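Engineer: So the sequence shown is numbered by our numbering: it starts at 24 and just counts up by one. Think of the CB as a built atom: it goes at the ideal place given N, C-alpha and C, for glycine as much as any other residue. Just so it is clear, the structure is predicted and the values come from calculations on it, not from any experiment.
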Amino acid sequence: MVRYPYPRSVTERNVLGGELEPCGTEPLTGFYRDGSCSCGPDDVGLHAICAIVTREFLDHQASVGNDLTTPRPEYGFAGLHPGDPWCVVAARWRQSYEAGAATPVVLAATNQRALEIVPLDVLRDHAVDVPPDLSGLPGLDGPEM
C-alpha cells in the first residue's frame with residue numbers, strides 16, 4: 024500500500040481502473056518521492072506515467088531541455104539510468120512518443136490522470152504489463168493523438 028503525504032478523499036486509481044500500484048523505489052520515484060505516481064494538488068506537472076526509461080528516451084528528453092541523467096541532490100534526484108522505473112510527466116512522455124522515442128510504461132503503476140494527456144490505447148501499445156483481457160477497461164476513448 025502506498026502512503027500519500029496529502030489528504031485524499033478517494034483512492035488514486037491506475038489507468039486500468041485498479042488501485043494505483045508502486046512504480047519504483049530504486050531510485051525512489053514520484054513527485055512526492057514515495058515510490059508511486061500519485062498526483063496530488065502540488066503536482067502541477069502531472070508525474071503520472073510509470074516509465075521504464077530507455078537510453079533513447081533519456082537522450083530525447085535531454086535534447087529538449089529535460090535532463091534526467093544529471094544528479095540533482097537538492098531535489099533528492101540521483102539521475103536516471105536506462106532500466107530505471109520513474110514517474111514521468113505525462114506531457115513529456117507524450118512529447119517523446121510523438122518524436123518516436125516513447126519508453127515502456129507500467130500500466131498498473133500509471134495514474135489514471137495520465138489519460139488526460141495520453142490515450143489508453145497508446146499507453147497500452149508501450150506497456151510491459153498488458154492484461155490479457157482489455158474488455159471493459161475505462162479510458163479506451165481518451166484524448167486524440
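Is the Cβ-Cβ distance between residue 112 and residue 73 less than 8 Å?
Structural biologist: no
Engineer: Please list, in chain order, all residues of the same chain as residue 49 whose beta carbon is under 6 Å from its beta carbon, the five residues on each side excluded.
Structural biologist: Excluding sequence neighbours, residue 49 sits near nothing in its chain.
Engineer: Since residue 134 sits in a beta bridge, which residues does DSSP pair it with?
Structural biologist: 37
Engineer: State buried or exposed for residue 147, treating a residue as buried only when at least 16 other CB atoms are found within 10 Å of its CB.
Structural biologist: buried
Engineer: So the alpha helix (DSSP H) residue 113 belongs to, where does it begin and stop?
Structural biologist: 113-121
Engineer: Grab me the residues of residue 79's own chain with a C-beta within less than 6 Å of its C-beta, minus the 5 sequence neighbours each way, in chain order.
Structural biologist: 124
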